[in-house]
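Chains as they are written, first to last, in the working numbering: chain A, 24 to 248; chain B, 24 to 248.
What follows is a short report on a single structure.
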DNA sequence: TTTACTTATTAACCTTTTTTATACAAATAT
DNA sequence: ATATTTGTATAAAAAAGGTTAATAAGTAAA
């Protein structure tokens, strides 16, 4: 399992440097990208900057507690789907329940066995499959790593925004993506673009791959296939 | 949280009747449907029959162990997405790791706190939300995510207001929605539209899906089916 | 660094669809 | 029967999206 790179980023927030180091070491050797934070506020900043796939929060931290960090992040739309786990030495039921009800996905007691932690993390990732690197949809193929789209064996080269837009729509075929949703995920929340920008990109994709791969749902959004 | 029905089924397999009873009681009062099994083979049979959304497996059971049951189920495509949790008194790391690597989603040590168990179960269900976006009503199907309405397998495309109106009426079949209620929920409180607007939309829905799906209750409002 | 080229965005304008208003017919209740 | 409410056709208004071309911003090669 180890060695190869997973393309998945994990943020760990804990005020004990030892814990940070042990966990980092183990996650790195499993192939995860690791970001660390020493307190709650740093965790929020780094989460926003690195947009990790999974976040490990110590409950007791100076400044903001793990629970507070979790609620704040869960209120941001980009962290709605992020896996969040709590870590704590406080081994009591009500704390655990509070953590899970605050929006946490798992709750792990210290002392931690690195192997168990990794197993749990892997188990959580097993359920997430949207960011797969290679999509095969009917006669179309989308390779996120090589940035290549294939229709009936023929290769097409899309520009980056075109590609990301297509990949997003294709990640859930026949789901209608709202314009806001598209803007959030392809352009990010900070960037503001005019209201014809999406259309123009859609048009270019259609021009290259054919009109029928993306359908418009007027007043709502766009849908793949 | 308790009382209302969740429309979610949980299968519990354990050879200790006491455990079965305690967990059943707690899950039932949370609104879950509960199925029980006394051993591994029974668990497999009942899983296939009831197709539960979540399965709780005791590791040590006569006949087949929880791990064996898990592998067998995971090999069947219908249980690929099912949430599976293990329960055991064996509190050691390697067992836990084995459980998670066998395809389990969570691993809980006995003795169990029913409240913690429920919190964990709720946390797992929080990630699965497809059933809310999808309505199935007789021979009609309304998919809020895909914005598709289906009648007897045939797909219909409705405009946004038409869709929202239908989805509202269908959200509580046979409830009569007052005109004001409809205006509030579909148009919002600020917008003011003429008094024939609803009728016109109702007409268009009837035109597309047939006259009988929405009935008029004169002087009161409209009702689905 | 400059040049050539690609990509991203915007603005202007066009087309289509959706939504609403109007007018009148039909239905229903009192 | 009459007043009230709802149904229907039509058309206007509004909204949404499509298209094109121009411009800005990046990138890579010379």
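Where is the CB? At the ideal position from N, CA and C, for every residue including glycine.
Practice task
Using the Cα positions of residue 55 (chain A) and residue 173 (chain A), report the straight-line distance between them to the nearest angstrom.
Solution key: Taking the first chain and counting its residues from 1, one reaches residue 55 (chain A) at position 32. Taking the first chain and counting its residues from 1, one reaches residue 173 (chain A) at position 150. Taking the straight line from one Cα to the other gives about 29 Å.
Exercise for the section: Determine the burial state of residue 143 (chain B): buried for a count of at least 16 other Cβ atoms within 10 Å of its Cβ, exposed for fewer. Expected result: Counting from 1 along the second chain, the entry for residue 143 (chain B) is found at position 120. Buried, since its Cβ has 16 or more Cβ neighbours within 10 Å.
Problem - Minimum Cβ-Cβ distance from residue 142 (chain B) to chain A less than 7 Å - result: Translated into the one-based positions of the second chain, residue 142 (chain B) becomes position 119. So, interface residue.
Handout entry: Burial state of residue 134 (chain B) (16 or more Cβ within 10 Å)
Key = Along the second chain, one-based indexing puts residue 134 (chain B) at 111. Looking at its Cβ environment, which holds fewer than 16 other Cβ atoms inside 10 Å, residue 134 (chain B) is exposed.
Handout entry: Strand pairing of residue 88 (chain B), partner residues [DSSP]
Key = What you label residue 88 (chain B) is simply residue 65 of the second chain in a count that begins at 1. Answer by DSSP bridge pairing: none, since residue 88 (chain B) is not bridged.
Handout entry: residue 232 (chain A) (DSSP reduced to helix, strand or coil)
Key = Here residue 232 (chain A) refers to the residue found at position 209 of the first chain. DSSP places residue 232 (chain A) in helix when its eight states are reduced to three.
Handout entry: Stretch pair the segment 30-46 of chain B + the segment 218-234 of chain A: three plus CB contacts closer than 8 Å
Key = no
Practice task
Look at the Cβ atom of residue 95 (chain A), then the Cβ atom of residue 73 (chain A), and state whether they are nearer than 7 Å.
Solution key: In the first chain, the residue the question calls residue 95 (chain A) occupies position 72. In the first chain, the residue the question calls residue 73 (chain A) occupies position 50. Their beta carbons are not under 7 Å apart, which means residue 95 (chain A) does not touch residue 73 (chain A) by this criterion.
Problem - Ordered list of beta strand (DSSP E) runs contained in the segment 94-136 of chain A, each at least 3 residues - result: 106-111, 129-132
Handout entry: Burial state of residue 89 (chain B) (16 or more Cβ within 10 Å)
Key = By 1-based counting over the second chain, the position of residue 89 (chain B) is 66. Per the 10 Å Cβ criterion, buried.
Problem - Cβ contact check for the segment 156-170 of chain B and the segment 181-191 of chain B: 3 or more pairs under 8 Å - result: yes
Exercise for the section: Specify the secondary structure class of residue 57 (chain A) as computed by DSSP and reduced to three states. Expected result: As a working mapping, residue 57 (chain A) is identified with position 34 in the first chain. Of the three classes helix, strand and coil, the one that applies to residue 57 (chain A) here is strand, per DSSP.
Problem - Inter-residue Cα distance where the pair is residue 25 (chain B) and residue 53 (chain B) - result: Taking the first residue of the second chain as 1, we reach residue 25 (chain B) at position 2. Taking the first residue of the second chain as 1, we reach residue 53 (chain B) at position 30. Unreliable placement is indicated for residue 25 (chain B), whose pLDDT of 45 sits below 50; no coordinate value is reported for it.
Handout entry: Rounded C-alpha distance that separates residue 121 (chain A) from residue 195 (chain A)
Key = Here residue 121 (chain A) refers to the residue found at position 98 when the first chain is read from its first residue. Here residue 195 (chain A) refers to the residue found at position 172 when the first chain is read from its first residue. Taking the straight line joining both Cα atoms gives about 33 Å.
Handout entry: Reduced DSSP secondary structure (H/G/I, E/B, other) of residue 223 (chain A)
Key = By 1-based counting over the first chain, the position of residue 223 (chain A) is 200. Reduced to three states, the DSSP call for residue 223 (chain A) is helix.
Exercise for the section: State yes or no: is the C-beta of residue 240 (chain B) within less than 7 Å of the C-beta of residue 209 (chain B)? Expected result: The sequence position of residue 240 (chain B) within the second chain is 217, counting from 1. The sequence position of residue 209 (chain B) within the second chain is 186, counting from 1. In this structure, residue 209 (chain B) does not lie closer than 7 Å to residue 240 (chain B) by Cβ.
Handout entry: residue 108 (chain A) and residue 76 (chain A) closer than 7 Å at C-beta
Key = Here residue 108 (chain A) refers to the residue found at position 85 when the first chain is read from its first residue. Here residue 76 (chain A) refers to the residue found at position 53 when the first chain is read from its first residue. Result no, Cβ atoms of residue 108 (chain A) and residue 76 (chain A) do not sit closer than 7 Å.
Handout entry: Nearest-angstrom beta carbon gap, residue 243 (chain A) and residue 183 (chain B) [assumed within contact, 8 Å]
Key = Translated into positions along the second chain, residue 183 (chain B) becomes position 160. Translated into positions along the first chain, residue 243 (chain A) becomes position 220. Yes, residue 183 (chain B) and residue 243 (chain A) are in contact; Cβ-Cβ is about 6 Å, under 8 Å.
Handout entry: Beta carbon proximity, residue 120 (chain B) to chain A, threshold 7 Å
Key = The residue labelled residue 120 (chain B) in the question sits at position 97 within the second chain. For residue 120 (chain B), the answer is yes, since a Cβ of chain A falls inside 7 Å of its Cβ.
Exercise for the section: For residue 26 (chain B), name the three-state secondary structure that DSSP assigns. Expected result: Residue 26 (chain B) sits at position 3 when you count from the first residue of the second chain. Per-residue confidence for residue 26 (chain B) stands at a pLDDT of 47, beneath the threshold of 50, marking its modelled position as unreliable; the derived number appears in the next sentence. In this structure, residue 26 (chain B) counts as coil in the three-state DSSP scheme.
Handout entry: Coarse secondary structure for residue 182 (chain B), derived from DSSP in three states
Key = Counting from 1 along the second chain, the entry for residue 182 (chain B) is found at position 159. In this structure, residue 182 (chain B) counts as coil in the three-state DSSP scheme.
Handout entry: Residue-level contact to chain B via CB, residue 139 (chain A), 7 Å cutoff
Key = Taking the first residue of the first chain as 1, we reach residue 139 (chain A) at position 116. Chain B, which has a Cβ nearer than 7 Å to the Cβ of residue 139 (chain A), makes this yes.
Handout entry: Neighbour flag for residue 170 (chain B) against chain A, beta carbons, 7 Å
Key = If you number the second chain from 1, residue 170 (chain B) lands on position 147. Yes, residue 170 (chain B) counts as interfacial toward chain A.
Practice task
Check whether the Cβ atoms of residue 69 (chain A) and residue 34 (chain A) sit closer than 7 Å, and answer yes or no.
Solution key: Here residue 69 (chain A) refers to the residue found at position 46 of the first chain. Here residue 34 (chain A) refers to the residue found at position 11 of the first chain. Yes, these two residues count as a Cβ contact at 7 Å.
Handout entry: Classification of residue 49 (chain B) by the beta-carbon crowding that lies within 10 angstroms, buried from 16 upward
Key = Stepping through the second chain from its first residue, residue 49 (chain B) is reached at position 26. By the 10 Å Cβ count, residue 49 (chain B) comes out buried.
Exercise for the section: For residue 114 (chain A), verify whether its CB is less than 6 Å away from any heavy atom of the ligand GTP. Expected result: Ligands in the displayed structure: none, and consequently the ligand GTP is not present.
Handout entry: Residues from the segment 122-137 of chain B in contact with chain A, defined by Cβ distance under 9 Å
Key = 122, 123, 124, 126, 127, 128, 129, 130, 136
Exercise for the section: Please say whether residue 205 (chain B) and residue 228 (chain B) have beta carbons closer to each other than 7 Å? Expected result: Here residue 228 (chain B) corresponds to residue number 205 of the second chain, with the count starting at 1. Here residue 205 (chain B) corresponds to residue number 182 of the second chain, with the count starting at 1. It is not a contact, given that the beta carbons lie outside the stated cut-off.
Practice task
Can you give me the Cβ contacts of residue 62 (chain A) inside the same chain, cut-off strictly under 8 Å, excluding the 5 residues immediately before and after it?
Solution key: Against the first chain, residue 62 (chain A) aligns to sequence position 39. If we look at residue 62 (chain A) and ignore the five residues flanking it on each side, its Cβ neighbours are 36, 38, 84, 85, 86, 87.
Problem - Own chain residues within Cβ distance below 6 Å of residue 66 (chain A), not counting five before or after - result: Position 43 of the first chain, counting from 1, holds the residue named residue 66 (chain A). Counting only Cβ-Cβ distances below 6 Å, and skipping sequence neighbours, we find 36, 60, 92.
Problem - Other residues of its chain near residue 179 (chain A): CB distance less than 8 Å, five sequence neighbours each side excluded - result: Numbered from its first residue, the first chain carries residue 179 (chain A) at position 156. Same-chain partners within the cutoff: 171, 172, 173, 231, 232.
Exercise for the section: Measure the CB-CB distance between residue 119 (chain B) and residue 139 (chain A) and report whether it falls below 7 Å. Expected result: By 1-based counting over the second chain, the position of residue 119 (chain B) is 96. By 1-based counting over the first chain, the position of residue 139 (chain A) is 116. Result yes, Cβ atoms of residue 119 (chain B) and residue 139 (chain A) sit closer than 7 Å.
Exercise for the section: List the residues of chain A whose Cβ lies closer than 8 Å to the Cβ of residue 116 (chain B), in chain order. Expected result: Your numbering for residue 116 (chain B) matches position 93 in the second chain. Neighbours of residue 116 (chain B) on chain A, chain order: 136, 138, 139.
Exercise for the section: Output, in chain order, the set of chain A residues within a Cβ distance shorter than 9 Å of residue 112 (chain B). Expected result: Numbered from 1 along the second chain, position 89 holds the residue referred to as residue 112 (chain B). Result: empty, since nearest Cβ-Cβ is about 17 Å, beyond 9 Å.
Practice task
Compile a chain-ordered list of the residues in the segment 55-77 of chain B whose CB is closer than 7 Å to at least one CB of chain A.
Solution key: none
Practice task
Kindly indicate if chain B contains any beta-carbon less than 7 Å away from that of residue 193 (chain A).
Solution key: Taking the first residue of the first chain as position 1, residue 193 (chain A) is located at position 170. False, the Cβ-Cβ gap to chain B never drops below 7 Å.
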